[in-house]
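Student: Sending over a structure as structure tokens; questions will come in a sec.
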Amino acid sequence: MFTSTSAKRKSESGAWAITLSNNNNSKLVFDFFGPELLQGRTHNMKGVMSVTNILLNDALQAVGGISIEEVKQLLLGAEEETKEEGDQRLKNFLDKATSGQNQRLSDVIDHSFQIKQLLNLFALSNLLNAFNQNTLQALMLKSSQDHQQNKTLAPLHLFRGCFRCIAADHEIIQRATVQRRWNQDKLGEQYYQSEQAVELLVMDKLAIKAVAPFQHLLFDHADHLAVLTYFSETTHIHHVPYTDRFILVGVNYDRVSLVDNSSDDKTLTGRDFSAFELMAIPHEVGHYVYQHGKLENGKTFPEVSQKFKDNPYYQWCEEIFADLYGCIVAGPLSVFSMQAFLTSGDKERAWRDDNEHPTPILRSYILSEILRILRDVDKKGAKRYDFATVTRNLDEGWTEILEGWGYERIEKDKNRP
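Here the sequence shown stands for residues 159 to 575, numbered as in our numbering.
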């Protein structure tokens, strides 16, 4: 019967090992803290990186008839070039890629933009790999050596967490790459634009437009900001610690499709087009602006939010900022988008505060109130936010939904909370 555990140092390697004791003798079970495990996990990441490169190469071939090696050659010497020289070389590269030698180009939408987005994914993967090798691996190795020297146990949960984050980001790049790949019915036939590629093109451009109104609040190189969307389990913004030059927005798989097929705009122009589902994208972009934007006085939005730290709803600051951002960019469609999201949630949780998001039962009303305030602020301006009738309808619609969930309207003659 095992009655205790102990940590014992192996003199030959300096590593620590876990042993089990039965009070008579100790038997080494496994050296969980040996450097070979760290090396093994590091080596395993090479397989993840290899898959990313294979998928990028395949998508580049399918969309533009180019290889990842050609992209690497394009990037060689880019730092020594002037902007004009770099732009010209990129133009020549794209002209070749969009010539369509093995692509069916009828009905293709903005071919060069689709290729640029794949180049952005390749650049993002390089930044991720550099962060992994030059920062994380160096920190983990230093930490492991320090703990061995001090005869203490290294924080393996942090090490493994780092590896998981690197793999998760590679999975996002892989997913975004595969979703942009063009289709091919049979080997040897021409590739043609896929429905998912069209949807992502629209969402990418929507996200880019959502940044534009407040791009002046971002850093000096905001002109080189890359915005990438991808289909995901949930609609969210994905923050990365190794670059501020990319905005990554995941969008629900179960959104209403933009088009019936890759060359038909019937849904886009029809009355039943559920555009509001995509209006969650400006909200997610708002999170990026909150984290990276600065006012004229140099203050960041988290710093401004400190003014409300004594408010019981201080923890909602970032989400309300993103809601405000969405309302400024998308107007009432942003509220429709939020209502679509909230009605997809658990009605039993509608009144619960998760200490991050405004309580669901109130949130739609808050967005309507934001629209009213925008209208009041804009009265002497271009009147872009004159939504008085719409806000009443939005509140009435949300109130009816809450009544359907069993909540009671206290003041029957008023829709506002």
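Glycine included, each C-beta is placed from N, C-alpha and C at the ideal position.
For the alpha helix (DSSP H) holding V535, just list the boundary residues, first then last.
Tutor: Here the alpha helix (DSSP H) through V535 covers 518-535.
Student: Tell me the DSSP secondary structure of H396 in three-state form.
Tutor: Looking at H396 - three-state DSSP - the assignment turns out to be strand.
Student: Taking contact to mean 3 or more Cβ pairs, one atom from each stretch, closer than 8 Å, check whether the segment 546-556 and the segment 518-531 are in contact.
Tutor: As far as the Cβ criterion goes, the segment 546-556 touches the segment 518-531, which means the pair count is three or higher.
Student: Identify, in the order they occur along the chain, each residue of the same chain with its Cβ nearer than 7 Å to the Cβ of N290, setting aside the five sequence neighbours on each side.
Tutor: Correct list, in chain order: M203, I324.
Student: Just mark S208 as buried or exposed, buried being the case when its beta carbon has 16 or more other beta carbons within 10 Å.
Tutor: Under this definition S208 is an exposed residue.
Student: Which two residues bound the contiguous beta strand (DSSP E) that contains A365?
Tutor: A365 -> not in any beta strand (DSSP E); alpha helix (DSSP H) instead, spanning 353-369.
Student: On the DSSP bridge assignment, give the partners of K452 in chain order.
Tutor: Bridge partners of K452: T458.
Student: Under 8 Å, do P440 and A368 count as touching if we go by C-beta distance?
Tutor: Yes; because the gap between Cβ atoms is below 8 Å, this pair is in contact.
Student: Going by Cα to Cα distance, which pick from Q373, V447, T557, E476 is closest to L520?
Tutor: The candidate whose alpha carbon is nearest that of L520 is T557.
Student: Can you round the beta-carbon distance between Y448 and I405 to whole angstroms, since I take them to be within the 8 Å contact cut?
Tutor: At roughly 12 Å, the Cβ-Cβ gap does not stay under 8 Å, so Y448 and I405 are not in contact.
Student: Can you grab the Cα-Cα spacing for the pair S179 / N215, in whole Å?
Tutor: Caution applies to S179, whose pLDDT of 43 falls short of 50 and renders its modelled position unreliable; the model cannot decide the point.
Student: Let me check understanding here. Comparing Cα to Cα, which of H382, L196, Q272 lies closest to L294?
Tutor: When each option's Cα is compared against that of L294, the closest is L196.
Student: Any contact between the segment 220-227 and the segment 273-292? By contact I mean 3 or more CB pairs, one from each, below 8 Å.
Tutor: The segment 220-227, when compared against the segment 273-292, does touch it at the 8 Å Cβ threshold.
Student: DSSP beta-bridge partners for I405?
Tutor: V385.
Student: G451: which of T501, F372, A384 sits nearest, CA to CA?
Tutor: The shortest C-alpha separation from G451 is found at F372.
Student: Would you tell me roughly how many angstroms separate the C-alpha atoms of K249 and R339, rounded to the nearest one?
Tutor: Near 21 Å, if we compare the C-alpha coordinates of R339 and K249.
Student: Would you mind stating whether P490 and V535 have Cβ atoms separated by less than 8 Å?
Tutor: It is not a contact, given that the beta carbons lie outside the stated cut-off.
Student: Check this for me: beta carbons of W563 and A498, under 8 Å apart or not?
Tutor: In this structure, A498 does not lie closer than 8 Å to W563 by Cβ.
Student: Which class does F160 belong to by DSSP, given the choice of helix, strand or coil?
Tutor: Caution applies to F160, whose pLDDT of 40 falls short of 50 and renders its modelled position unreliable; the model cannot decide the point.
Student: For the candidate residues Y471, L232, K467, whose alpha-carbon lies nearest to that of N513?
Tutor: For N513, the nearest C-alpha among the options comes from Y471.
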